[in-house]
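What follows is one structure encoded as structure tokens, with my remarks underneath.
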Amino acid sequence: MDLEYSEEYQAFRQEVVRFIADHRHLAPGNVARRPGEDVGISWQKLLIEHGYAARTVPAEYGGFGAEPDILKSHIIAEEFARAKVRPGHSGDNRLVPTLLELGTEAQKKQFIPPTIRGEMSWCQGYSEPGSGSDLASLGTRAEVDGDDFVINGQKIWTSGAKTADMMFCLVRTEPDAPKHQGISYLLFPMDTPGIDVRPLLQMTGDAHFNEVFFTDVRVPTSSIVGKRGEGWFVANATLKHERGGLGDPHAAEARFHEIVELMQHETVDGMRLMDHAVYRDRLLKLQARMLSMKFNGMRVLTHSSRGEEAGLPRWIVKLMGCELNHQMAAMAIDLLGELGILYDASPYLRDGGIWQHRYMLDLGLIIGGGTAQIQKNMIGERALGLPKEPKVEGA
Amino acid sequence: MEFSLTEEQRLLQDSVSRFLQAECPLARVREAAESGSTHVDNVWSGLTDLGIHGIVIPEEQGGVGLSLLEACLVAEALGNCVVPVPFVGSSVMAPIAILAAGTDAQKERFLPRIAAGQVVFGVGVTEQIGRRESEGISLQGSRLSGKAMFVLDGVDADQLIVADSSGALHIIDADARGVTTGKLKTIDRTRAVAEVLLNDVEAEVLPGSVGNRGPLESTIDAGRLILAADCLGASQNMLDQSVAYAKERRQFNRVIGSFQAVKHMCADMAAELEPCRALMWYSAHVYTAIPDEARLMACHAKAHLAEVGQQIARTSTEVHGGMGFTDLLGLHYWFKRIGFDRQLLGAPELVREEAARIQGWV
Ligand SMILES: Cc1cc2nc3c(=O)[nH]c(=O)nc-3n(C[C@H](O)[C@H](O)[C@H](O)COP(=O)(O)OP(=O)(O)OC[C@H]3O[C@@H](n4cnc5c(N)ncnc54)[C@H](O)[C@@H]3O)c2cc1C
């Protein structure tokens, strides 16, 4: 165990801290606010120039072009979180790494630069009404006709489809192949004729979700990433990146500090919530969980920086991280008592109603990106080596 | 010993449930919620015909003279169908306060009109449970000033009952000079809670509550039991919907209920919820039958159902996968109703503290 970063990294951290102090007035909003808001394009541009966003994306694709150094990326994330300044993004943390890994040169040149600048946004067209956990059973068809694929079918729960410029999409191209081998991964603009996007209201009251219908949608065969029938493997590359993002310990730590603050200034019957032993105990239990997840993150990081698979410590991140976030939101609501149920621009609303919003959204994240039950199956089967559930005929 | 509902109690609950299922399906709940209404006319009048607004009011004053257990059975049915209609404040807490502390003249004046569904009462006692946004209401002579937060059924009420800072209860006209009522928007759009500002308002005291916290306490206890029963009904519905969905939804060529993970989620919900029913019956029964136990059991019912309800709301959503997170099935109406029941009249930690004090442990 050595908790000290080497001199090189300490110097790097100083650089990041200085950059943030000098430029934070240019950052939009506040990282502690609602997730999913647009990061200003000029902020993102500035961050890329200094290597604090799209850091490892090669310069020829519009990135900063640094050698991958997981510790440096981590230091950047840590310092932005600590300063509560909105960090940069890497375009789309599911798509860009996938393209870098598996895209053609033309695809990389066409899509990566505008994506990391924040000028081209993406939605993920995977789930279908009948294919959620069992994603590989998806039925949206793409048939080759001359130089085009012709797509027919339906996606659902497509986050951001209404505003996205592009979709990365899974379609069935080889209906006769075994289900995992008949899928292809396509990229196309959302304004392609024949695409119909219908928003779906969520429990939070927002309509970030959509149903997307395809009727004879023509996209060139060059829209494919990887080969025909390899879409499942391409998608798994994407899912791997997405899972890393869900349950991020930095977000949990920031949230924890918000609760501490809340307990220090909210009162009931004139008594600070922090002075209530029961609430304090509950806070401390969450703190221990939060810290375990933080240190678990450091452990994963060390493995990754050595190019090793972290195994179990990594498999549990999505499950435990999303749960922790949900529990923290639940606690904040309880702390606020009656005030905790206010919503929707009501008078007396605390923190803009963020706690109720998070409480619901976090439950959505426990479900989305592979449900908690599927996560547990994977922990059991892949990390603990337990036997798979016997397959049902045809599955 | 016979620990069960009577035939009459079962019939009552059945008839209310049947009425609500017919008259207040989810479509109607949505309609009301979307138009910002928490008072569906045909439901209100149908409940009047069934005698529900007079459920705890004695026959002499036009009610049906039943006990709090029957009121809880009704609350359970209302929660089960997430019915947007005043009940906890207007049909239970208000008449109980008037019965406990009102003069005969006050009882004659108000109770028959409540039972007949002619008047809606809002009830504001939040500051007597935990002051947060208001220092409460002060009394000067017979005039009240201050602010009451989270007045139950307080939006569009005709009359209000509020507690002053000594715990004495007062009736005021909702449109009296000096009263300003504002709607508080909460996650639960089936419930009407208001903030009421009082600026030197003429009030009529319920004399039995002066220098005696008993009436206030039994009003709060009744409210807690009703919210617990509402939560029980809402949770049962979420469990039922989960089981039905798990039997129908297919993934990996099998119904998801055949996965042990999903089966166990459903079994956990059932195992947690079923004992709550007995807890609820006992707590509501002792409210009138064994007054010494009433306050403790009201706290336990309220806090325990809050915990079980929360777990069920979450688990049921999970069983439904992405569908549970959307508005399509309307599952969130139950989710949010359970969230409301949890925080009003005391969040669980605070209510459990009270249970410790009631038992003389602290
Ligand atoms: C907030 C949010 C955002 C999303 N964004 C997107 C998006 O942008 N693009 C996209 O394509 N999709 C998106 N989704 C969809 C998401 O990926 C699916 O909802 C998820 O994979 C679950 O699938 P399902 O909803 O069909 O549930 P189902 O698969 O029907 O699951 C229902 C229940 O059965 C359980 N279950 C299913 N199979 C098993 C099994 N083998 N073992 C044990 N239990 C099982 C599940 O855990 C769950 O409890 C999003 C979902 C959410 C909630």
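Chains A and B supply the protein sequences, listed in that same order.
Using our numbering, read the first sequence as starting at 1 and increasing by one per residue.
Using our numbering, read the second sequence as starting at 1001 and increasing by one per residue.
Every residue, glycine too, gets a C-beta built ideally from N, C-alpha and C.
Predicted model, so just to flag it, every value in this text is computed and none were measured.
Outcome for residue i when other beta-carbon atoms lying within 10 angstroms are tallied against a minimum of 16
i, result
"A:E381", "exposed"
"A:I183", "buried"
"A:V392", "exposed"
"A:M1", "exposed"
"B:V1082", "buried"
"B:I1226", "buried"
"A:G36", "Unreliable positioning characterises A:G36 in this predicted model, as indicated by a pLDDT of 47, which lies under 50. The coordinate reading is nonetheless provided below. A:G36 is exposed by the Cβ-count criterion."
"A:Q202", "buried"
"B:S1218", "buried"
"B:N1237", "buried"
"B:G1208", "buried"
"A:D269", "exposed"
"B:E1031", "exposed"
Under 7 Å from the C-beta of residue i: neighbouring residues of chain A
i, result
"B:Q1311", "By Cβ distance, chain A contributes nothing, its closest Cβ being about 10 Å from B:Q1311, past 7 Å."
Neighbour list for residue i in chain A, Cβ cutoff strictly below 9 Å
i, result
"B:M1149", "E338, L339, Y348"
"B:N1080", "Here the premise fails: no neighbours, minimum Cβ distance about 19 Å."
"B:L1328", "L200, L201"
Residue-level contact to chain A via CB, residue i, 8 Å cutoff
i, result
"B:V1262", "yes"
"B:A1105", "no"
"B:R1314", "yes"
"B:P1348", "yes"
"B:R1254", "yes"
"B:H1206", "Here residue 1206 of chain B turns out to be Leu, not His, going by the sequence shown. Not closer than 8 Å to any Cβ of chain A, the Cβ of B:L1206 fails to qualify, so no."
"B:H1332", "yes"
"B:G1146", "no"
"B:Q1343", "yes"
"B:D1188", "yes"
"B:Q1159", "no"
"B:Q1251", "yes"
"B:E1002", "no"
"B:T1038", "no"
"B:G1065", "no"
Residue i at chain B interface by Cβ criterion, 8 Å
i, result
"A:A372", "yes"
"A:E128", "no"
"A:G36", "Unreliable positioning characterises A:G36 in this predicted model, as indicated by a pLDDT of 47, which lies under 50. The coordinate reading is nonetheless provided below. So, not an interface residue."
"A:F209", "yes"
"A:L363", "yes"
"A:W355", "no"
"A:G247", "no"
"A:E261", "no"
"A:K376", "yes"
"A:W157", "yes"
"A:A32", "Any answer about A:A32 is weak, because its pLDDT of 41 lies below 50 and its placement is not dependable; what the coordinates show is given next. Cβ-Cβ to chain B under 8 Å: no for A:A32."
"A:V392", "yes"
Distance CB(residue i)-CB(residue j) smaller than 8 Å
i, j, result
"B:G1223", "B:L1345", "yes"
"B:I1187", "B:G1054", "no"
"B:L1139", "B:D1173", "no"
"A:S121", "A:A164", "yes"
"B:R1352", "B:C1299", "yes"
"A:I76", "A:V16", "yes"
"B:H1170", "B:A1203", "yes"
"A:K162", "A:P199", "yes"
"A:I156", "A:P129", "yes"
"B:G1089", "B:V1123", "yes"
"B:A1355", "B:L1296", "yes"
"B:Q1106", "B:L1206", "yes"
"A:S346", "B:L1184", "yes"
"A:I366", "A:H326", "yes"
For residue i: DSSP bridge partner residues
i, result
"A:S222", "Per DSSP, none; premise fails for A:S222."
"B:E1195", "B:G1182"
"A:N236", "BP columns for A:N236 are empty, so no partner."
"A:P189", "A:M166"
Listed by chain order, chain B residues near residue i by CB distance under 8 Å
i, result
"A:K162", "Correct list: empty, because the minimum Cβ distance to chain B is about 15 Å."
"A:V268", "G1130, R1131, R1132, L1350"
Contacts of residue i in chain B (Cβ-Cβ under 9 Å)
i, result
"A:Q181", "Per Cβ cutoff of 9 Å: no residues; A:Q181 is ~17 Å from chain B at best."
"A:A345", "K1185"
Residue i: contacting residues in chain B (beta-carbon distance under 7 Å)
i, result
"A:Y279", "E1349"
"A:D134", "Q1251, F1252"
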